[in-house]
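Here the sequence shown is numbered in full-length UniProt numbering, starting from 1 and rising by one per residue.
Heads up, the beta-carbon is just placed ideally off N, CA and C, and yes, glycines get one too.
Inspection log for the structure reproduced underneath, given as structure tokens.
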Amino acid sequence: METSIRATGPSRRWALPLAWATVTALVIAIPLTGMSGYWVRQILLAAVMALLVSGLNLSLGWAGELNLGLPAMYAAGAYVTAYVAARHINDIVLCLALSAAAAVVVGLLAGAPGLRLGGWMLAVCTFMLVQLIPITLQLIPFSVLGGTSGFTGIPVPRVFGTVLDANGFYITVIVVTSLWFAVYRNAVCSPFGRALLVLQQGPVLAQSLGLSRYRLKLTTYAFAAVPAGLAGTLYAYTDLFIAPDSLGIGLIMSLLVASIVAGRRSIYAVFCGVAFVQFINDRSTSFGEYGDIAFGAFLLIGGLLFGGGVAGLGNTLVRRYRRGRAAAADEAATTGTPPQIPAFDGRDVRLESVSKSFGGVDALREVSFVAPAGRITALIGPNGSGKTTTLNLINGFHKPGSGRVLLGDDELTGLPAERVARLGVARTFQTPAIPGEMSVLDVVGSGRIEAHGPALLPVVLRLPRYWRAVARNRKAAAGWLEILGLGAIAAEPAAAMALGTRRMIELARALCAGPRVLLLDEVASGLDPDELQELAGVLRKVRDAGVTVVVVEHNFSLVRSLADHVVVLAGGAVLTDGDPREIAEHPEVLERFLGSGAGVSGTTLEEHPAPGGQVVVAVDATAATDGAGTAERTSSHE
Numbered sequence: 001m002e003t004s005i006r007a008t009g010p011s012r013r014w015a016l017p018l019a020w021a022t023v024t025a026l027v028i029a030i031p032l033t034g035m036s037g038y039w040v041r042q043i044l045l046a047a048v049m050a051l052l053v054s055g056l057n058l059s060l061g062w063a064g065e066l067n068l069g070l071p072a073m074y075a076a077g078a079y080v081t082a083y084v085a086a087r088h089i090n091d092i093v094l095c096l097a098l099s100a101a102a103a104v105v106v107g108l109l110a111g112a113p114g115l116r117l118g119g120w121m122l123a124v125c126t127f128m129l130v131q132l133i134p135i136t137l138q139l140i141p142f143s144v145l146g147g148t149s150g151f152t153g154i155p156v157p158r159v160f161g162t163v164l165d166a167n168g169f170y171i172t173v174i175v176v177t178s179l180w181f182a183v184y185r186n187a188v189c190s191p192f193g194r195a196l197l198v199l200q201q202g203p204v205l206a207q208s209l210g211l212s213r214y215r216l217k218l219t220t221y222a223f224a225a226v227p228a229g230l231a232g233t234l235y236a237y238t239d240l241f242i243a244p245d246s247l248g249i250g251l252i253m254s255l256l257v258a259s260i261v262a263g264r265r266s267i268y269a270v271f272c273g274v275a276f277v278q279f280i281n282d283r284s285t286s287f288g289e290y291g292d293i294a295f296g297a298f299l300l301i302g303g304l305l306f307g308g309g310v311a312g313l314g315n316t317l318v319r320r321y322r323r324g325r326a327a328a329a330d331e332a333a334t335t336g337t338p339p340q341i342p343a344f345d346g347r348d349v350r351l352e353s354v355s356k357s358f359g360g361v362d363a364l365r366e367v368s369f370v371a372p373a374g375r376i377t378a379l380i381g382p383n384g385s386g387k388t389t390t391l392n393l394i395n396g397f398h399k400p401g402s403g404r405v406l407l408g409d410d411e412l413t414g415l416p417a418e419r420v421a422r423l424g425v426a427r428t429f430q431t432p433a434i435p436g437e438m439s440v441l442d443v444v445g446s447g448r449i450e451a452h453g454p455a456l457l458p459v460v461l462r463l464p465r466y467w468r469a470v471a472r473n474r475k476a477a478a479g480w481l482e483i484l485g486l487g488a489i490a491a492e493p494a495a496a497m498a499l500g501t502r503r504m505i506e507l508a509r510a511l512c513a514g515p516r517v518l519l520l521d522e523v524a525s526g527l528d529p530d531e532l533q534e535l536a537g538v539l540r541k542v543r544d545a546g547v548t549v550v551v552v553e554h555n556f557s558l559v560r561s562l563a564d565h566v567v568v569l570a571g572g573a574v575l576t577d578g579d580p581r582e583i584a585e586h587p588e589v590l591e592r593f594l595g596s597g598a599g600v601s602g603t604t605l606e607e608h609p610a611p612g613g614q615v616v617v618a619v620d621a622t623a624a625t626d627g628a629g630t631a632e633r634t635s636s637h638e
């Protein structure tokens with residue numbers, strides 16, 4: 001099984017770059033085969049469009065935001081190149097750098113307000129940016145940018161004073177495109193790319209892992225503008241003329257079609273999508289007035305046959321191949337001793353007279369309690385008593401109306417959730433939040449993205465710092481999978497796992513962050529008896545390692561076997577708190593919540609003192625009953 005979870009070795013690190021360099025060299029050599037100028041031009045145009053589609057994929061496929069302003073960033077790059085080359089310094093390297101910077105500035109000015117709102121508002125803001133292109137050209141004097149007639153007089157490109165002939169320019173375009181796609185691939189196939197997938201799961205999960213939704217999307221948005229600027233430079237030098245008519249809605253539609261055909265999270269399949277669009281555009285005139293209908297028919301058929309695009313089809317085949325190899329490796333591997341749980345720097349969690357209301361309804365009223373470090377504190381009570389709201393106040397999803405929340409000596413009151421997470425508060429959810437298209441190992445490792453992930457520059461350049469961070473994160477994630485008995489499924493898609501397994505994966509992710517405080521919201525729900533036994537054992541070890549554990553749980557038998565302290569909530573207030581045995585004998589708690597079965601819901605557990613006083617949890621297959629005697633279901637493993 002180690003072969004399925006270990007980090008990529010140095011020999012394999014060079015395999016893909018070597019293959020990509022070989023492909024680049026072969027494409028560069030194409031003109032030497034005597035290919036006609038028409039096809040060489042098609043390759044140049046395909047390279048330019050591929051840069052644009054990669055930017056669209058970054059913003060739409062990875063960041064989950066529809067950026068319709070790429071033509072405006074593309075235009076910014078083209079006009080900056082034209083103006084600088086014709087009026088000042090004609091150097092393609094300088095123009096590439098200036099165009100990339102100009103595209104980022106234009107993109108941020110237009111996108112920053114829309115990103116605050118997200119969704120369709122960003123699409124509207126960026127689409128309006130494209131609509132402003134002809135208006136902007138009319139406002140700028142004709143002698144500067146040529147107005148709506150286009151910019152003429154762009155000189156033949158030079159590099160460091162040397163004029164580039166047709167072959168030299170062709171090589172430059174292919175090299176620039178190849179280098180960008182290496183950077184693009186390195187960015188998305190890294191913790192940065194996995195952070196974007198986490199972000200698409202929802203802002204709640206991202207914040208709980210310490211990720212700033214706005215900062216991450218803004219970074220991706222600026223990053224996606226870079227290839228648009230590069231494409232603008234190459235476009236300006238290709239024809240030595242800029243046609244404003246080619247920078248409008250038609251370009252947007254072509255980019256969207258290419259992205260859909262390739263797959264919105266595709267990398268190298270982008271070239272397949274571009275080739276498809278070029279082929280359809282060349283053939284659409286053959287259909288005369290029915291060209292648009294033919295284009296739409298091709299798009300509809302492609303969308304139905306390839307839901308995930310060409311990349312989705314390829315990824316399916318690769319996953320099947322890797323799954324077979326991983327299964328063979330698991331069969332041959334020997335199982336070692338699970339790693340030891342490391343020591344944690346737990347801190348007390350203190351709530352002081354905390355209140356919270358929603359629309360005039362009091363969810364919590366003057367709630368005060370302390371969850372000591374190295375202890376398990378359980379919150380119990382009926383539905384609607386404020387248990388999950390309490391967790392949300394601790395980890396910053398909600399701000400209290402009054403009162404204070406403290407982590408040791410640090411004030412958490414009012415801090416955003418991502419900052420609370422960075423202070424060492426991790427949690428799980430009632431419904432496991434598992435991003436799609438990620439393996440079990442990657443989901444668990446995502447718990448360390450913010451605290452232990454490298455910056456974007458080391459990621460795209462694959463500096464030693466990046467490889468060290470990846471090795472540490474994978475080792476930590478693999479260790480927690482072994483501790484929780486999930487090592488055999490490390491390479492499997494996490495979202496496809498059964499409910500009980502997803503809960504254990506989510507727990508492993510929270511522990512992988514190395515938290516001071518662990519918040520568990522009904523973590524036992526959906527676990528079968530064996531998984532419940534394993535969960536109880538892991539939580540005891542985590543507690544003994546120093547973590548502050550706060551658990552919301554309806555299964556009072558599990559609470560009795562695990563908790564050191566129990567807080568009972570009723571109507572948003574603390575009814576009572578104390579030792580689990582005291583709570584189990586409390587008259588009002590027995591009468592209102594527990595009933596004769598001493599279980600609220602879920603699989604019923606019984607306590608049996610083992611030699612030396614250790615509590616052993618035994619599974620009772622009978623269902624518990626609530627205070628009214630209504631039978632509750634026993635949990636089952638999906």
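Residues A231, L234, Y235 of the same chain have their beta carbon placed closer than 6 angstroms to that of V48, with the five preceding and five following residues left out of the count. Boundaries of the alpha helix (DSSP H) harbouring T24: 15-28, taken from the DSSP string.
In this chain, the alpha helix (DSSP H) harbouring D544 covers 529-544.
Residue environment: E450 is assigned as buried (16 or more neighbouring CB atoms within 10 Å of its CB, all protein chains considered). About 7 angstroms separates the beta carbons of I154 and F241, which is inside the 8 angstroms limit, making them a contact pair. In the structure shown, S357 falls within a strand segment according to DSSP collapsed to helix, strand and coil.
Only buried fits G479, as 16 or more other CB atoms lie within 10 angstroms of its CB. Assignment of beta-bridge partners to L255 by DSSP yields no partner. Taken through DSSP and simplified to helix, strand or coil, R365 comes out as strand.
Per DSSP, the unbroken alpha helix (DSSP H) holding R502 starts and ends at 499-512.
DSSP lists V566 as the beta-bridge partner residues of G578. In this structure, P244 lies near P134, with their beta-carbon atoms less than 8 angstroms apart. Scanning the stretch 47-113 for uninterrupted alpha helix (DSSP H) segments of 4 residues or longer gives 70-87, listed from N- to C-terminal end.
Contact between the stretch 139-158 and the stretch 83-95 is present: 3 or more CB-CB pairs across the two stretches fall below 8 angstroms. Taking every protein chain shown into account, the CB of V547 has 16 or more other CB atoms within 10 angstroms, so this residue is buried.
Nearest in C-alpha terms to A102, of all of R350, T81, L139, is T81. Per the coordinates, the alpha-carbon of A195 lies some 10 angstroms from the alpha-carbon of G210. For the options S246, I92, F192, L199, the alpha carbon positioned closest to that of I171 is the one of I92. Here the alpha carbons of F429 and V124 stand approximately 34 angstroms from one another. The criterion of a C-beta distance shorter than 8 angstroms is satisfied by L115 and K217.
The C-beta distance from A63 to T220 rounds to 4 angstroms, short enough to meet the 8 angstroms contact threshold. In the three-state DSSP reduction, I43 falls in the helix class (H, G or I). E450 carries a helical assignment under DSSP once its states are collapsed to helix, strand and coil.
C-alpha of C512 to C-alpha of V444: approximately 7 angstroms in a straight line.
Minimum Cα-Cα distance from L68 among the listed residues G424, V130, V551 corresponds to V130. Rounded to whole angstroms, the separation of the alpha carbons of T33 and V23 is 15 angstroms.
Using a Cβ-Cβ distance cut-off of 8 angstroms, the stretch 518-531 and the stretch 412-431 are in contact, since at least three pairs of beta carbons, one from each stretch, lie closer than that value.
Residue range 548-552 is occupied by the beta strand (DSSP E) that includes V550. Remark: C-beta atoms of A269 and G55 do not approach each other more closely than 8 angstroms. For secondary structure counted as the beta strand (DSSP E) over 3 or more consecutive residues, the stretch 417-471 holds these complete runs in sequence order: 425-427. By a beta-carbon distance limit of 8 angstroms, R347 contacts V517. Their separation comes to about 7 angstroms. Following the DSSP letters along the chain, one finds S402 in no alpha helix (DSSP H) but inside the beta strand (DSSP E) bounded by residues 402-407. With contacts defined as CB atoms closer than 8 angstroms, V257 and A50 fail to qualify as a contacting pair. Residue burial annotation: T162 is exposed, with fewer than 16 other C-beta atoms found within 10 angstroms of its C-beta. As computed with DSSP, D410 is found in a beta bridge with L407.
If you look at A494, you'll find it isn't in any beta strand (DSSP E); DSSP assigns it neither H nor E.
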